[in-house]
Amino acid sequence: MKLFFVSAIFFLVSSIAYSEQKTSTSFGETVTNNNITALEIEAAQRAWGAALIQISADYKKHGFAKAKKTAEKALDTAYGYNFAPVLFKPTLTSGEQVFRPTREGALAYFVGGNPKYPNDKGFAIKGWVKYDFLNNAVLIDGGMGLTMGKVFFTAEDGSITSVDKTWGFKKDEKGQLRIVLHHSSLPYFPPAK
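Going by our numbering, the sequence shown opens with residue 884, and the numbers climb by one from there.
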C-alpha cells in the first residue's frame, strides 16, 4: 500500500510538471517557463512603437511597397496571429470592420491598400516620427500580461495624438512575447456645459 501511494504521488507530480511544459514543433525546442515579466512587456511596447515609426519612415522614403513589407514583418514579430485570433480593435475603425482578429485586417489598418477594407487609409503611414507610452496599470498573471494606459504619437509637424490603449501579451511556443489583445480608442471629452 505504501509503495502504491508513493507511486501515485510520483505520477501526479510528473504529470503536472509535464503539462506545464510547452513543446515547440520546430527544432525540438522546449520552453518550460512561459511567465512574463514587466521588463518584457515594456520592451514589447517599445518595439511596437519603433516598428510604427519605421513603417512611417519607409513609406516616406521608399513608398507603399516597402512600408507594407515592414508592416508585415512587424505584425509577424509582435502579434500572435500565428497561433490564435488577435483581439484587435484599432482606433480609427467603424461599422462591420471595427474588429480585426485576422492578420489581413490588421495589415489593412496599418498601411491601407486592401479593397476588402475600403475605409482604411493606413494609420502607420501617417508620418509619425516619435512614439511614447505611459502605462496606467500593468497586470501580470503568470503567462498573461495586460497593460492599460496612453500612447502618444508625434507627427512631422510636432503635433501629438494621444490614444487610450489596452494590450494583452502572451508567449508563443518558443517563448516569444506576442500581442493577443490590442484595444485602442481616442480619449473621451465630455461636452461643455
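In this text, a Cβ means the ideal position worked out from N, Cα and C, and glycines have one as well.
Could you spell out the range, first to last residue, of the alpha helix (DSSP H) harbouring residue i?
{"i": "Asp-1047", "result": "Segment 1043-1054 is the beta strand (DSSP E) holding Asp-1047; no alpha helix (DSSP H) there."}
{"i": "Phe-881", "result": "No statement about residue 881 is possible, as the shown extent of the chain runs from 884 to 1076 and does not include it."}
{"i": "Lys-951", "result": "947-961"}
So who's on the other strand from residue i, going by DSSP bridges?
{"i": "Tyr-1014", "result": "Phe-1036"}
{"i": "Ser-1068", "result": "Asp-1047"}
{"i": "Asp-1024", "result": "Met-1027"}
{"i": "Ile-1062", "result": "Tyr-962 and Phe-1052"}
Should residue i go down as buried or exposed, given a rule of 16 or more other Cβ atoms within 10 Å for buried?
{"i": "Asp-1003", "result": "buried"}
{"i": "Ser-939", "result": "buried"}
{"i": "Asp-941", "result": "buried"}
{"i": "Arg-1061", "result": "buried"}
{"i": "Leu-990", "result": "buried"}
{"i": "Ile-924", "result": "buried"}
{"i": "Thr-920", "result": "exposed"}
{"i": "Leu-958", "result": "buried"}
{"i": "Val-981", "result": "exposed"}
{"i": "His-1065", "result": "buried"}
{"i": "Ser-1068", "result": "exposed"}
{"i": "Lys-956", "result": "exposed"}
{"i": "Ala-933", "result": "exposed"}
{"i": "Phe-1072", "result": "exposed"}
{"i": "Leu-935", "result": "buried"}
{"i": "Ala-1007", "result": "buried"}
{"i": "Ser-977", "result": "exposed"}
{"i": "Lys-944", "result": "exposed"}
{"i": "Gly-1005", "result": "buried"}
{"i": "Lys-1076", "result": "exposed"}
{"i": "Gly-946", "result": "exposed"}
Going residue by residue through the segment 976-1003, where are the continuous alpha helix (DSSP H) segments of at least 4 residues, counting only ones entirely within it?
986-994
Touching or not, the segment 951-962 and the segment 1046-1057, by the rule of three or more beta carbon pairs under 8 Å?
no
Evaluate contact between the segment 955-965 and the segment 984-993, counting only Cβ atoms and requiring at least three cross-stretch pairs below 8 Å.
yes
For the segment 967-980 against the segment 1010-1024, do three or more pairs of beta-carbon atoms, one drawn from each stretch, fall closer than 8 Å, so that the two count as touching?
no
Do the segment 994-1003 and the segment 1013-1028 make contact, defined as three or more Cβ pairs closer than 8 Å?
no
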